[in-house]
Every structure is written in C-alpha cells, then in structure tokens.
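Q: Just dropping this structure here.
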Amino acid sequence: MNKYIAMNRFKVLPEGEDAFRSRWLDREVLLKTVPGFISFQFLKGPEKDGYVLYASHTVWASYDAFIGWTNSEQFRQAHAGAGQGKPQTAGPPVFEGFEVLQDIEL
Numbered sequence: 001m002n003k004y005i006a007m008n009r010f011k012v013l014p015e016g017e018d019a020f021r022s023r024w025l026d027r028e029v030l031l032k033t034v035p036g037f038i039s040f041q042f043l044k045g046p047e048k049d050g051y052v053l054y055a056s057h058t059v060w061a062s063y064d065a066f067i068g069w070t071n072s073e074q075f076r077q078a079h080a081g082a083g084q085g086k087p088q089t090a091g092p093p094v095f096e097g098f099e100v101l102q103d104i105e106l
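Quick note on numbering: the UniProt record's numbering labels position 90 of the sequence shown as 90, and the sequence is numbered without any gaps.
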C-alpha cells in the first residue's frame, strides 16, 4: 500500500495573516494520536494578487489511514470552530490528495 499526501492550500488575506498563523501554530496537535500519521508541515508561500499563499501538507501511511483521520473524533476536535469569526482567507481551502508513487529519502 502506498503512502498518501493530503494538502490544503489557503489564500490568506494580509489583514488575517497573524490570526491565521496563530490558529495553526498555537493549536493542540491531535494528528500524532491517529494511526497511520507520518508527518505534517505548515507552509508559507509567496504573496501575490492580494493574498499570501499557505499550505498544510500531511503524509499518511496510506489513503485508508487518511480517511480514518477524516472520520475520527480527533478530526472533529481539530476542525471545531473552523470558519467562524472574521474571514482570514479569500475563499475556502483547496484540497489536493496524492498517492505517493516514488519516495526517495536519505
């Protein structure tokens, strides 16, 4: 079974950037308690067209492990309150999922 990468891209409004970063960086990380979780990266990209690009990148042991996360109590807890308050992004996140076909490591 192949690893699976789940990514979300966010177009963060400049006025919401501090709050957006704090929400991610100051949260309780529940991923470590989910079977099949391998790693997580929170990424900041370039600023363009009135927003700053951010992404979350999660590596799972398999697609089934990722689906297990999305159906878990930890997932519900991690996403509780999402979308409430003043908008920090220009639209909803864009999800992209990838089956890993080749994985070269040191």
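Glycine included, every Cβ here is placed at the ideal spot set by N, Cα and C.
Kindly indicate which three-state DSSP category residue 23 falls into: helix, strand or coil?
A: Of the three classes helix, strand and coil, the one that applies to residue 23 here is helix, per DSSP.
Q: Considering residue 77, what are the terminal residues of the alpha helix (DSSP H) in which it resides?
A: Per DSSP, residue 77 belongs to the alpha helix (DSSP H) from 73-78.
Q: Grouping DSSP H, G and I as helix and E and B as strand, with all else coil, what is residue 17?
A: Here residue 17 sits in helix by DSSP.
Q: State the CB to CB distance for the pair residue 5 and residue 59, rounded to an integer number of angstroms; the pair is presumed to be in contact (CB under 8 Å).
A: About 6 Å; that satisfies the 8 Å criterion.
Q: In whole angstroms, what is the alpha-carbon distance linking residue 62 and residue 14?
A: Near 35 Å, if we compare the C-alpha coordinates of residue 14 and residue 62.
Q: Between the C-alpha atoms of residue 25 and residue 41, what's the straight-line distance to the nearest angstrom?
A: In a straight line, the C-alpha of residue 25 is about 11 Å away from that of residue 41.
Q: Relative to the C-alpha of residue 75, which residue among 94, 33, 17 is closest?
A: It is 33.
Q: Which residue wins for smallest C-alpha separation from residue 78, given the options 27, 87, 39?
A: Closest by alpha carbon: 27.
Q: State buried or exposed for residue 88, treating a residue as buried only when at least 16 other CB atoms are found within 10 Å of its CB.
A: Residue 88 should be labelled buried.
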